[in-house]
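Undergrad: Residues 23 to 480 (the working numbering) make up the sequence shown, in order.
Virtual Cβ for every residue (Gly too), placed ideally from N, Cα, C.
Predicted, not measured: the structure shown is a model, and the values here were computed from it.
Structure provided below as structure tokens; questions to follow.
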Amino acid sequence: MTSRSVVVGAYDKTLIESLQNLRVGDEIDLTTQNLVRKKLIKKGSGDNNLFPKDGDQIFIHYTGKLRNGDIFTNTRKKTQDPPHSFILGSLEEDGEMIKGWNFAVKSMIVGEIASFTFRPKVAFSDIGDGGMVPPNATCIYEIELIKFNQKVNGHGNSNSSSSSSSSNSSNDGYIIKKVIQPKSKSSFSLNSPTYESKVKISYRLLGSAEDVDPIYEQKNVMIKLGEDVNTPPILEDIIELMKPAEEYQVEIISKFYIDSFLESINRGSSGSGKKYDKLLLIVNLHSLDSSNVIKDIKQLSAQQRYDEAMERKNAGNDYFKRQHYYQAIRKYQRGAEIACELEGIEQIAEQKKHKDLAATCLVNQSVVYSSIKQWNLVVQSTTTVLEKLDNKHRKALNLRGKAYRELYEYISSIKDFKKVLNEIDANDADATRELKTSHDLYKSYLEKEKKMYSNIMK
């Protein structure tokens, strides 16, 4: 088959269009420096417009080989091995992931199989990989994109911000372009807003810095962080970096965050429905009131802690019922944090009461994550419950078992359901049903892998 070759930038529109038009056997350069070359082996079955992006959890099978054909890695070498999972845009500490993967996976749709040729610069460079890959080696990876989980929301975990007037500091999905501080330092506070602070803000959303008319604008609005369902999560992220009287100019570059921001403001009367590749957000923090925020949980009595945690659990339940998942997740998290503070609580029965409430908050949080198919976060929350609060929490085990199954970790899934049936309740209908499902899927998975591995070895 004749190969068509197109040289394009790694993230521009031309590349997307070229990728969508690829035929089996076609080749394409994913970078202008010819560092990554792709050859399509099998067209995908997923949405032709839905490509993975930074922050998504990726599931792939792959085979890595040298130019002479020597295979140095193969995720299918054992039939029971699940797909390899990683967060796109990250570099794993064990060195298993190479830089070229970030280019490769972003060019694929679900179900696709492609071969990628990686130059040394985006593979193992001049170091190599032990005795398997020599220094300065060009590597060829055959990758199959099994599935990917999109990132849950725009709430990041950045703990720093620039204090200069001009900045290019970046968070996941946005870039802080400029920070303008007040001229009078006497009016400048050292404190930044935290979750549940009350703030007065103004903000404008523009298509670009050259635009005169904003896409959307709000002036002098009062919000309580974590509770206003019409405030986009990424806006709360930025506010929590700011100090009163500051102005932040932020470029939103992630399609996920752009879409979620526009979706949030379109709940009201504004919003044109136009598509944007990036957005400019200008935020002014006018005032901050943190008098209602619990500054030191230890200063509260045991009953006060319990009541505060219960209030947040109930608020989380209400947000969840109304499908405001971001707000529910944060309420449950804060409720668990308050309930888990046991310093000064001496009575065992009182400690258990607090732990039970914390476990309920985290399990409810896991239910929210399950609803939006964030299985890795389900595992994270339920594991906290099982390791720190109650190692035989029935609902946590059942939820984690289901999440493990969605992550193709069938053995761990089966183990959790068996623990429910063997150690908690032999008649648990949920565990019985889910155990059978996990067993059946695992058996099918092994048979499929065995057949595929046999074909590879022919």
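Given that a residue counts as buried once 16 or more other Cβ atoms are within 10 Å of its Cβ, and exposed if not, what is Leu303?
TA: Within the sequence shown, numbered from 1, the residue matching residue 303 stands at position 281. With 16 or more other Cβ atoms within 10 Å, it is buried.
Undergrad: Secondary structure at Pro469, three-state DSSP: helix, strand or coil?
TA: Reading the sequence shown from its first residue, position 447 is the one you call residue 469. Pro is not the amino acid found at residue 469; the sequence shown has Glu there. It is helical.
Undergrad: Ignoring anything shorter than 3 residues or poking outside the stretch 76-148, list the beta strand (DSSP E) runs there in chain order.
TA: 79-88, 93-96, 106-109 and 135-140
Undergrad: Give the straight-line distance between the Cα atoms of Asp233 and Ile274, rounded to the nearest whole angstrom.
TA: As a working note, residue 233 is residue 211 in the sequence shown. As a working note, residue 274 is residue 252 in the sequence shown. Approximately 15 Å between the Cα atoms of the pair.
Undergrad: Helix, strand or coil for Asp329 per DSSP?
TA: Position 307 of the sequence shown, counted from the start, is the residue given in the question as residue 329. Of the three classes helix, strand and coil, the one that applies to Asp329 here is helix, per DSSP.
Undergrad: Could you compute how far the alpha carbon of Lys317 sits from the alpha carbon of Ser403?
TA: In the sequence shown, the residue the question calls residue 317 occupies position 295. In the sequence shown, the residue the question calls residue 403 occupies position 381. Going from the Cα of Lys317 to the Cα of Ser403 covers about 24 Å.
Undergrad: Using alpha carbons as the reference points, say which of Glu365, Gln203, Pro236 and Met244 lies closest to Ser219.
TA: Along the sequence shown, one-based indexing puts residue 219 at 197. The shortest CA-to-CA distance from Ser219 to any of Glu365, Gln203, Pro236 and Met244 is the one to Met244.
Undergrad: When DSSP labels each residue in this structure, what does Asn181 get in the three-state scheme?
TA: To locate residue 181, count along the sequence shown from 1; it is residue 159. Its pLDDT being 31, under 50, Asn181 is placed unreliably in this model, and the value from its coordinates should be taken loosely. Correct three-state label for Asn181: coil.
Undergrad: Are His276 and Lys75 closer than 8 Å when you measure CB to CB?
TA: Sequence index remark: in the sequence shown, residue 276 carries index 254 (1-based). Sequence index remark: in the sequence shown, residue 75 carries index 53 (1-based). The question names His, but residue 276 is Ser in the sequence shown. Against a cut-off of 8 Å, the Cβ pair of Lys75 and Ser276 comes out as a contact.
Undergrad: Taking the alpha-carbon positions, what's the Tyr270 to Ile260 distance?
TA: Indexing the sequence shown from 1 puts residue 270 at position 248. Indexing the sequence shown from 1 puts residue 260 at position 238. Cα to Cα, the separation comes out at about 8 Å.
Undergrad: Which residues share a DSSP beta bridge with Gln307?
TA: As a working mapping, residue 307 is identified with position 285 in the sequence shown. The question names Gln, yet the displayed sequence has Leu at residue 307. Bridge partners of Leu307: Ile223.
Undergrad: When DSSP labels each residue in this structure, what does Val201 get in the three-state scheme?
TA: The count along the sequence shown starts at 1 and reaches residue 201 at position 179. Correct three-state label for Val201: strand.
Undergrad: Across the stretch 105-112 and the stretch 149-163, are there enough close Cβ pairs to call them in contact, namely three or more that are closer than 8 Å?
TA: no
Undergrad: Taking 8 Å as the limit between beta carbons, can you name the residues of its chain near Asn190, skipping five residues before and five after?
TA: Residue 190 sits at position 168 when you count from the first residue of the sequence shown. Any reading at Asn190 must be qualified, since the residue scores a pLDDT of 46, below 50, and its modelled position is unreliable; the value itself is stated next. Once the five neighbours on either side are set aside, the close Cβ partners of Asn190 are Ile197, Ile198 and Lys199.
Undergrad: Below 8 Å on the Cβ atoms is my contact criterion, and I expect Val385 with Val407 to pass it. Report the Cβ-Cβ distance as a whole number of Å.
TA: For this step, residue 385 is matched to residue 363 along the sequence shown. For this step, residue 407 is matched to residue 385 along the sequence shown. Yes, Val385 and Val407 are in contact; Cβ-Cβ is about 6 Å, under 8 Å.
Undergrad: So Gly133 and Ser67 are in contact, right, with Cβ under 8 Å, and what is the actual spacing, rounded?
TA: Taking the first residue of the sequence shown as 1, we reach residue 133 at position 111. Taking the first residue of the sequence shown as 1, we reach residue 67 at position 45. The Cβ separation is near 4 Å, so the contact holds.
Undergrad: Along the chain, where does the beta strand (DSSP E) containing Gln271 start, and where does it finish?
TA: Position 249 of the sequence shown holds residue 271. Here the beta strand (DSSP E) through Gln271 covers Glu269 to Ile274.
Undergrad: Taking the continuous beta strand (DSSP E) assigned at Gln240, which residues delimit it?
TA: On the sequence shown, position 218 is the one that residue 240 refers to. Taken as a continuous stretch (DSSP letters only), the beta strand (DSSP E) holding Gln240 covers Tyr238 to Lys246.
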